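Numbering-wise, my numbering puts 691 at position 688 of the sequence shown, and it's gapless, one number per residue. Inspection log for the structure reproduced underneath, given as structure tokens.
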Amino acid sequence: MSISLVHADPEFYAPLSRTTRRGTEYTATGMPADWSEHHQDVWTAWYPPHKLGGVTDGWKIHLSARADRAQHVLDVAAPIFAAHGVAFKHLSCSLYFVVTHHKHAERSQSGKFCAAYPPDAATAEALMRDLAAAFDGEEGPYVLSDRRFGDSRVVHYRYGAFVARRRLTAQGWHELLVLDAAGRSVPDVRGTRFSTPEGITDPFAESSVDAPKRAGAPEFGGVRFEKALRHSNGGGAYQGTDVATGRTVFVKESRGHHGLVSPTSASQDRLRNEYEVLQELHRAGSGFAPEPVRYFRHLENEFLVTEFVPGRSLRSWWVEHNPIIWSTATDDDFRAYYARAAKIVDELTAQLERLHGLGYAFIDLSPDNVLVDDEDRIRLIDFETATRLGGPLTPIGTPGFFPADPLRFADDPVRYDDYALSSIALALIAPITTTADLFPGVLAHLKAQLDPHGLVPRKMWALATQVREPDPVPSADEVTSNPWNCLKALRDGLITGLRGTAHPDGVVPLGPRSYATNKLGFGHGLAGVVHALHVAGTPSEELLDRLCARALAEADDLPPGLVAGQAGVARVLAEHGRIAEAQELLARADEHPLLHGSATLGFGSAGVGLAHLALYRHTGDRAHLDRAVRHAGEIPGSPTELLGRHNAAGLVDGRTGLALFHHHLGLLTGDEDHLARGLVLLHEELDRAELSEGGLLFGVSDRDRRLMPYLSTGTAGVLMAASRYLATTGDDRVAAAIPGLLTGLNCSFTHYGGLFDGMAGLSLALHDHGRRHGDQASLDRAQTLAQRLFLYAVPHETGTYVPGEHALRLSGDLWFGSAGVLTVLAGVLDDHPDPLFALDEVER
């Protein structure tokens, strides 16, 4: 997710360009009268009368700048660009500067303050020579994707596209392209090292100083670098060996002028502060802070060497040990866990009290800078924002562990640590801190639904709720005593939010992926919202009209599939009676050049085939049935290469989705070969299941072995297909797997509340199975999990919403947000058949 999407609005995801808090405006003054100024996203662009002169690719020039020198760099550079007649652009304001250089910003883009587009190599070289001379002695951040010109610290260059040239992917992403020497479109790689397209050679290589070998060098500064632990835009972290002593050490790197958190706080400022703080604490004999070994500079980057503290992050510790995510957990499991967690909280409290007693506050305390060893002993690391009490401070922190309004704590820095300690106590109970920041009322539901026997120690719960008041609407008692009415009220609140048109663009705000792909798709866009309102029995003609008009106008920009593209929109239009428009979109999907590069239900031919079956349901036109059969026939028997990355598993990207498509196709055509083929695929998916705490869970892919219970990737999606094959075929292998699949959905908590990767999807799968097989236990469990959706429901003046991706803002999308939760509530409350991918009402 782009960090910019959480800066523009405090409640909803929105592009950075929408913010009104821009800071200092950067202005290119004295430009020639015949040059034109254009504003796009975070950039201000300047074009001479001839603009780019028809040149589409070439040697881009990038100027970097220190935050406090940005306007000066622009003042010097703009007349030079104008004198050479070269178009250029610059970041428009200081907010955009900070965000693009932020410690969590994209590493390959950081450092780029100005970009210029010379028409040929000769002009580029002349321009760079003039710029290098004008900025002699000036410093700026290094641009990782580029090379520096000569020994300049601010003039960079790389080969790339001058105009927007993109290639759509089946998932809806837009891959940037550049022409290679043969005129072929190839990926315009903007990575963390300099590269050129095939056949393009660097004409300035002899004049250039290559990128410094920042951390990959085997030995410098008296340290042999053994292992990279992590990278960020601010710098890296490494395990190494002190050459003189042979001691294992931890090395923290700070890249020059990168890693901003404000115009006055870059990563090197914070690293120097950390070294000074560690020295003071070590002299005081604190014992809880890492011992500082040395501080040195190598080229333009700075490095802090400390003792190597063994252990893993507190976040990793609770992911492994908290029974709240286990399929089968007893009261004794929770008692044992809470005893360990309470010990950690007590030890952390004691260390913070000692730190405060020594005259310091930590400020940016989070579970990522608390390490836990094998004996559950803890150590604090990453003291970069620690500050002396009464001294200047940098009020920054980690979402979920830092107050939303930090300035109100500035008069007493200890309160930042109190806030973080409370948040850590809460996260050890359930990692719901970012949602609780959006609405603290979820905490009362957390206690009532996840700790009915009062196993959480009172002291720990009191600390966990110390900075967030758990005052819910409706109350936790109401949900317990009258769940049906409360769920109906939740459904109505979600409908109100989704139907509201007072937001920018006149439609409910969506999540980050709608900005990265498109705003129309079923999974992350408007189609999912329109579908959810239809399923809930409250269709919106206004939103439907908007979807229909925009989908037809923008059809060429949509991929073919069900989640992000034409087939998904077509299916939604068809269920609203817009048959002609749906058929037009689906015909485009049939002929889309991306279609047969994927066989999946989410993004490939199985999803397009399923949309044809939906059209057949609505029209009775056998041409759609024949088309679905044709798509099925083009999926190979061994579809590994046409699944999601690294042989993905699950309903959206794996064999489960293909099996579901074949199931529907077999029943609608009466051809049992389709059922047999789908059963083989389902068996292959079940072969990949892993038994965890008595339940079956599934790894994301061959490479990503995280075990998941979810609808998109995991147990819930497999249950959706397996339940149908059990009813249709009575297959022994499937019958044997069903109990393990049901047990796999017994976890008490999921990070998200949404449909595809959260609690709502688990409820949907259980309700779907219980309804089909008369399994009252599954129906009861589905209702229990539906009640658990109050853990994620955030009331707002415009309606009720659910946190979106990363749970940092609210979203109305189907995948993570309100629309997905609404579809599940509609099914559970009104006993609908599966309202998502299946076609059960056709098959009866």
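All C-beta atoms in this analysis are idealised placements derived from N, C-alpha and C, irrespective of residue type, glycine included. Please read these numbers as outputs of a predicted model, since none were measured by experiment.
CB of residue i within 8 angstroms of CB of residue j, strictly
i, j, result
"residue 646", "residue 603", "yes"
"residue 26", "residue 67", "no"
"residue 315", "residue 375", "yes"
"residue 439", "residue 431", "no"
"residue 29", "residue 73", "yes"
"residue 77", "residue 45", "no"
"residue 98", "residue 22", "yes"
"residue 496", "residue 817", "no"
"residue 764", "residue 805", "no"
"residue 424", "residue 383", "no"
"residue 243", "residue 229", "yes"
"residue 288", "residue 258", "no"
"residue 328", "residue 793", "no"
"residue 351", "residue 381", "yes"
"residue 60", "residue 164", "yes"
"residue 666", "residue 678", "yes"
"residue 644", "residue 608", "no"
"residue 704", "residue 651", "yes"
Coarse secondary structure for residue i, derived from DSSP in three states
i, result
"residue 15", "strand"
"residue 703", "coil"
"residue 515", "helix"
"residue 217", "For residue 217, the predicted structure reports a pLDDT of 46, less than 50, and the residue's modelled location is therefore unreliable. A value from the coordinates is still provided. Looking at residue 217 - three-state DSSP - the assignment turns out to be coil, as it is neither helix nor strand."
"residue 160", "strand"
"residue 295", "strand"
"residue 418", "helix"
"residue 559", "helix"
"residue 827", "helix"
"residue 60", "strand"
"residue 383", "strand"
"residue 192", "coil"
"residue 228", "strand"
"residue 300", "strand"
"residue 818", "coil"
"residue 531", "helix"
Sequence-distant residues of its chain with Cβ nearer than 6 angstroms to residue i (five each side left out)
i, result
"residue 216", "Note that residue 216 has pLDDT 46, beneath the 50 cutoff, so the model's placement of it is unreliable and no number is given."
"residue 493", "796"
Cβ-based burial, residue i [other Cβ within 10 Å; buried from 16]
i, result
"residue 232", "exposed"
"residue 786", "buried"
"residue 482", "buried"
"residue 92", "buried"
"residue 707", "exposed"
"residue 485", "exposed"
"residue 462", "exposed"
"residue 694", "exposed"
"residue 144", "buried"
"residue 346", "exposed"
"residue 218", "Because the pLDDT of residue 218 is 44, which lies under 50, any placement of that residue in the model is unreliable, and the number read from its coordinates should be weighed accordingly. By the 10 Å Cβ count, residue 218 comes out buried."
"residue 135", "buried"
Beta-carbon proximity list for residue i, same chain, < 8 angstroms, skipping 5 on both sides
i, result
"residue 557", "521 and 523"
"residue 366", "388, 389, 390, 396, 397, 398, 399, 400, 416, 419 and 420"
Segment limits, alpha helix (DSSP H) that includes residue i
i, result
"residue 582", "582-593"
"residue 790", "779-790"
"residue 351", "334-360"
"residue 39", "Premise fails: residue 39 lies in the beta strand (DSSP E), 39-43, not in any alpha helix (DSSP H)."
"residue 484", "479-484"
"residue 742", "735-746"
"residue 626", "625-636"
The beta strand (DSSP E) enclosing residue i, as first and last residue numbers
i, result
"residue 239", "238-245"
"residue 405", "Element bounds for residue 405: n/a, residue is neither H nor E."
"residue 306", "304-310"
"residue 849", "Here the chain comprises residues numbered 4 to 847, so residue 849 is not present and cannot be evaluated."
"residue 694", "692-695"
Beta-carbon proximity list for residue i, same chain, < 7 angstroms, skipping 5 on both sides
i, result
"residue 338", "458"
"residue 198", "192"
"residue 444", "473, 474, 475 and 476"
"residue 24", "98"
"residue 865", "Because the chain here runs from 4 to 847, residue 865 falls outside it and cannot be looked at."
Cutoff 8 angstroms: residue i Cβ touching any chain C Cβ
i, result
"residue 56", "Looking for chain C here will not work: only one protein chain is present."
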